[in-house]
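Everything below concerns the one structure shown next.
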Amino acid sequence: MNIEVLKSKIHRVKITQAELHYVGSVTIDEDLLEAANMIEGEKVQIVNVNNGERLETYTIKGERGSGMVCLNGPAARKAQVGDIVIIISYAHMDFEEAKKFEPSIIFPDANNKLL
(Lines of atoms letter the chains of each structure in order from A and count residues from 1; the text may use other names and numbers.)
(Lines give C-alpha, C1' and ligand atoms only; values in the text may rest on other atoms or scores of the structure.)
Protein backbone atom coordinates (compact mmCIF):
# COMPACT_ATOMS: atom_id res chain seq x y z
CA MET A 1 0.00 0.00 0.00
CA ASN A 2 1.27 3.50 -0.86
CA ILE A 3 0.35 6.61 1.10
CA GLU A 4 1.01 10.32 0.66
CA VAL A 5 3.18 11.88 3.37
CA LEU A 6 4.87 15.17 4.15
CA LYS A 7 8.16 15.34 2.19
CA SER A 8 9.28 18.94 2.68
CA LYS A 9 8.14 22.14 4.35
CA ILE A 10 9.28 25.74 4.31
CA HIS A 11 7.64 26.99 7.48
CA ARG A 12 6.45 30.60 7.78
CA VAL A 13 8.11 32.57 5.00
CA LYS A 14 7.06 36.04 3.91
CA ILE A 15 5.61 36.76 0.47
CA THR A 16 8.02 39.26 -1.10
CA GLN A 17 6.26 39.75 -4.45
CA ALA A 18 3.00 38.95 -6.24
CA GLU A 19 3.07 39.08 -10.05
CA LEU A 20 -0.45 38.66 -11.46
CA HIS A 21 0.51 38.90 -15.14
CA TYR A 22 2.97 36.01 -15.17
CA VAL A 23 2.59 32.34 -16.04
CA GLY A 24 1.44 30.71 -12.78
CA SER A 25 3.81 29.27 -10.18
CA VAL A 26 5.74 30.29 -7.08
CA THR A 27 9.30 31.60 -7.33
CA ILE A 28 11.40 30.63 -4.30
CA ASP A 29 14.97 31.57 -3.38
CA GLU A 30 17.16 28.67 -4.53
CA ASP A 31 18.78 28.48 -1.07
CA LEU A 32 15.37 27.79 0.48
CA LEU A 33 14.48 25.20 -2.15
CA GLU A 34 17.71 23.29 -1.59
CA ALA A 35 17.49 23.44 2.20
CA ALA A 36 13.94 22.07 2.07
CA ASN A 37 14.90 19.31 -0.39
CA MET A 38 12.61 20.71 -3.10
CA ILE A 39 13.34 21.02 -6.82
CA GLU A 40 12.22 23.33 -9.59
CA GLY A 41 8.93 22.18 -11.05
CA GLU A 42 7.86 20.31 -7.92
CA LYS A 43 4.19 20.49 -6.99
CA VAL A 44 3.62 22.36 -3.73
CA GLN A 45 0.74 23.40 -1.54
CA ILE A 46 0.83 26.93 -0.18
CA VAL A 47 -1.08 27.77 3.00
CA ASN A 48 -1.53 31.47 3.81
CA VAL A 49 -1.38 32.06 7.57
CA ASN A 50 -2.86 35.56 7.23
CA ASN A 51 -6.07 34.73 5.36
CA GLY A 52 -6.44 30.92 5.35
CA GLU A 53 -6.13 30.58 1.56
CA ARG A 54 -4.73 27.29 0.27
CA LEU A 55 -3.50 26.65 -3.25
CA GLU A 56 -1.43 24.23 -5.29
CA THR A 57 1.17 25.23 -7.85
CA TYR A 58 4.74 24.36 -8.83
CA THR A 59 8.11 25.83 -7.92
CA ILE A 60 10.50 28.01 -9.94
CA LYS A 61 14.05 28.74 -8.75
CA GLY A 62 14.51 32.29 -7.58
CA GLU A 63 17.76 34.18 -7.19
CA ARG A 64 20.00 32.48 -4.63
CA GLY A 65 20.28 34.45 -1.38
CA SER A 66 17.50 36.88 -2.35
CA GLY A 67 14.89 35.66 0.14
CA MET A 68 12.37 35.78 -2.71
CA VAL A 69 8.98 34.11 -2.37
CA CYS A 70 6.84 35.38 -5.24
CA LEU A 71 3.36 34.18 -6.14
CA ASN A 72 2.84 34.34 -9.89
CA GLY A 73 -0.25 34.35 -12.11
CA PRO A 74 -3.66 33.71 -10.54
CA ALA A 75 -1.97 32.63 -7.28
CA ALA A 76 -0.99 36.28 -6.81
CA ARG A 77 -4.60 36.97 -5.85
CA LYS A 78 -4.32 34.56 -2.89
CA ALA A 79 -1.79 36.59 -0.88
CA GLN A 80 -0.48 40.10 -0.31
CA VAL A 81 3.16 41.09 -0.09
CA GLY A 82 4.09 40.61 3.57
CA ASP A 83 1.72 37.68 4.19
CA ILE A 84 3.21 34.68 5.96
CA VAL A 85 2.85 31.32 4.18
CA ILE A 86 3.82 27.70 4.67
CA ILE A 87 5.03 25.86 1.56
CA ILE A 88 4.53 22.09 1.64
CA SER A 89 5.37 19.21 -0.67
CA TYR A 90 4.26 15.61 -0.32
CA ALA A 91 5.54 12.27 -1.59
CA HIS A 92 3.94 8.91 -2.29
CA MET A 93 5.69 6.00 -0.67
CA ASP A 94 5.20 2.55 0.67
CA PHE A 95 3.49 2.45 4.05
CA GLU A 96 6.44 0.79 5.81
CA GLU A 97 8.95 3.16 4.18
CA ALA A 98 6.79 6.12 5.25
CA LYS A 99 7.02 5.05 8.90
CA LYS A 100 10.80 5.61 8.79
CA PHE A 101 10.88 8.63 6.48
CA GLU A 102 12.12 11.96 7.90
CA PRO A 103 10.74 15.03 6.09
CA SER A 104 12.90 18.10 5.42
CA ILE A 105 11.48 21.03 7.40
CA ILE A 106 13.13 24.45 7.49
CA PHE A 107 12.36 27.53 9.57
CA PRO A 108 13.68 30.64 7.79
CA ASP A 109 14.02 33.93 9.69
CA ALA A 110 11.81 37.01 9.24
CA ASN A 111 13.76 37.95 6.07
CA ASN A 112 13.37 34.49 4.49
CA LYS A 113 16.99 33.65 5.23
CA LEU A 114 18.25 30.35 6.59
CA LEU A 115 19.21 30.36 10.25
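When we follow this note's numbering, the leftmost residue of the sequence shown carries the number 13, and every step to the right adds one.
Here a beta-carbon is modelled for each residue, glycine too, at the ideal position from N, C-alpha and C.
All figures in this text were calculated on a predicted structure; none of them were measured in a lab.
I'd like the list of long-range same chain contacts for A47, defined as Cβ closer than 6 Å, with 5 residues on each side in sequence excluded.
As a first step, residue 47 must be located in the sequence shown, where it is residue number 35. Within the same chain, Cβ atoms closer than 6 Å to the Cβ of A47 are found at I118 and L126, the five residues on either side in sequence being excluded.
Does DSSP put G74 in a helix, in a strand, or in coil?
The sequence position of residue 74 within the sequence shown is 62, counting from 1. Annotated three-state conformation of G74 is strand, per DSSP.
For the beta strand (DSSP E) containing E31, list its first residue and its last residue.
Position 19 of the sequence shown, counted from the start, is the residue given in the question as residue 31. From DSSP, the beta strand (DSSP E) with E31 extends over Q29 to E31.
If you draw a straight line from the C-alpha of E42 to the C-alpha of N124, how long is it?
The residue you call residue 42 lines up with position 30 of the sequence shown. The residue you call residue 124 lines up with position 112 of the sequence shown. Between the alpha carbons of E42 and N124 lies a distance of about 11 Å.
For R76, which residues of its own chain have a beta-carbon under 7 Å away from its beta-carbon, when the five flanking residues on both sides are left out?
Counting from one through the sequence shown, the residue named residue 76 turns up at place 64. Non-local beta-carbon contacts of R76 in its own chain, meaning distances under 7 Å to residues more than five positions away in sequence, involve D41, E42 and D43 in chain order.
When the Cβ atoms of the stretch 66–86 are set against those of the stretch 24–39, are three or more pairs found closer than 8 Å?
The stretch 66–86, when compared against the stretch 24–39, does touch it at the 8 Å Cβ threshold.
In or out: L83 buried (at least 16 other Cβ within 10 Å) or exposed?
As a first step, residue 83 is located in the sequence shown; it is residue number 71 there, counting from the start. Buried is the call here.
I need the DSSP call for K125, collapsed to helix, strand or coil.
Within the sequence shown, the letter at position 113 stands for residue 125. It is coil, neither helix nor strand.
Tell me whether the beta-carbon of E52 lies closer than 7 Å to the beta-carbon of T71.
Position 40 of the sequence shown, counting from 1, holds the residue named residue 52. Position 59 of the sequence shown, counting from 1, holds the residue named residue 71. Result yes, Cβ atoms of E52 and T71 sit closer than 7 Å.
Under DSSP, the alpha helix (DSSP H) around K111 begins and ends at which residues?
The sequence position of residue 111 within the sequence shown is 99, counting from 1. Where K111 is concerned, the enclosing alpha helix (DSSP H) stretches over F107 to K112.
Looking at the structure shown, is A47 part of a helix, part of a strand, or coil, going by DSSP?
Translated into positions along the sequence shown, residue 47 becomes position 35. The answer is helix: DSSP assigns A47 an H, G or I state.
Could you tell me the alpha carbon to alpha carbon distance between L32 and V93, rounded to whole angstroms?
Translated into the one-based positions of the sequence shown, residue 32 becomes position 20. Translated into the one-based positions of the sequence shown, residue 93 becomes position 81. Rounded to whole angstroms, L32 to V93 spans 12 Å at the Cα level.
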